[in-house]
Amino acid sequence: MAHKFSPHSVEKLLSEERYTTVRPHQFLRDCGLESGMTVADVGCGPGFFTIPASNIVGRSGLVYAIDVQEEMIRMLKRRTRRKNIVPIVSDEHRIPLSARSVDFALLAYVLHETENKLRFLKEVKRIMRKGASMVVLEWKKKREKEGPPFHERLALKEAQGLITDAGFCIEGVTSFGTSHYIISAVK
Ligand code: SAM
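Using the working numbering, you'd call the opening residue of the sequence shown number 1068 and step up by one each time.
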């Protein structure tokens, strides 16, 4: 089983410093998230991006907050009970949503944790509408004090190959700070 982020360390995901450096609301706006959209935050953890996403999509939109770890979903529910957030416990390669049900999929620091990355990406693609966007945020493959160990990180080239193999069309690749990269793709 691939390593999963421990629910005992969620304070790292929700730290003040992370909010200041990542600025999740602005980040999602820059990614093209808009009012009224239906979003899948896949690998949502305790909701660092979920809550800002729910602010952007508003009452006419919806955020599916999806995670394989029940404990993460429990924590998210403790943090918010907003009506436009639907918490979902998923299986490793199975998201319990109908095909073509979302306009936007966010995969923030989850792809490197998945068991079979291609299968996982194909499952994300299944729940996306045609023309929907997917944004993948990951740690660069380098040795650093912060973040996952080197062997768990996913090289940009490898991620690009997997996303293309899953049938997405890559629209943009950017560096995010010194440690992260962003890949935007379309179904
Ligand atoms: N996206 C959140 C953020 O940036 O704060 C959480 C990131 S955390 C490093 C990765 C999360 O992905 C964990 O909560 C883990 O349980 C979840 N995860 C790992 N594999 C998954 C899978 N196959 N499907 C859904 N969630 C998964």
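Beta carbons are placed, not taken as given, at the ideal position from N, Cα and C, and that holds for glycine.
In whole angstroms, what separates the C-alpha of residue i from that of residue j?
{"i": "E1211", "j": "K1197", "result": "38 Å"}
{"i": "E1180", "j": "L1221", "result": "9 Å"}
{"i": "V1253", "j": "K1189", "result": "13 Å"}
{"i": "F1187", "j": "V1124", "result": "25 Å"}
{"i": "T1241", "j": "G1099", "result": "15 Å"}
{"i": "Q1227", "j": "E1238", "result": "11 Å"}
Under the criterion of a Cβ to heavy atom distance below 6 Å, does residue i qualify as lining the ligand SAM?
{"i": "Q1136", "result": "yes"}
{"i": "S1157", "result": "yes"}
{"i": "T1147", "result": "no"}
{"i": "E1083", "result": "no"}
{"i": "K1144", "result": "no"}
{"i": "M1068", "result": "no"}
{"i": "L1229", "result": "no"}
{"i": "A1175", "result": "yes"}
{"i": "E1180", "result": "yes"}
{"i": "G1110", "result": "yes"}
{"i": "K1208", "result": "no"}
{"i": "F1171", "result": "no"}
Beta-carbon separation of residue i and residue j under 7 Å?
{"i": "L1185", "j": "L1229", "result": "yes"}
{"i": "K1207", "j": "Y1248", "result": "yes"}
{"i": "A1132", "j": "I1152", "result": "yes"}
{"i": "P1119", "j": "L1095", "result": "yes"}
{"i": "E1159", "j": "P1074", "result": "no"}
{"i": "V1169", "j": "I1140", "result": "no"}
{"i": "K1192", "j": "A1166", "result": "no"}
{"i": "T1147", "j": "L1129", "result": "no"}
{"i": "G1110", "j": "S1127", "result": "no"}
Figure out for me which residue from the options has the closest Cα to the Cα of residue i.
{"i": "M1142", "options": "C1098, T1117, I1250, K1150", "result": "T1117"}
{"i": "A1107", "options": "T1088, R1085, D1134", "result": "D1134"}
{"i": "T1218", "options": "K1224, R1145, K1209, S1242", "result": "Here residue 1218 turns out to be His, not Thr, going by the sequence shown. Nearest of K1224, R1145, K1209, S1242 to H1218, Cα basis: K1209."}
{"i": "S1121", "options": "F1171, K1079, Q1136", "result": "F1171"}
{"i": "P1091", "options": "L1129, F1115, K1079, E1238", "result": "F1115"}
{"i": "A1069", "options": "L1178, E1213, I1237, R1145", "result": "L1178"}
{"i": "E1078", "options": "G1112, Q1227, I1155, P1154", "result": "G1112"}
{"i": "S1251", "options": "T1245, T1231, G1244", "result": "T1231"}
{"i": "S1076", "options": "V1109, E1213, L1204", "result": "E1213"}
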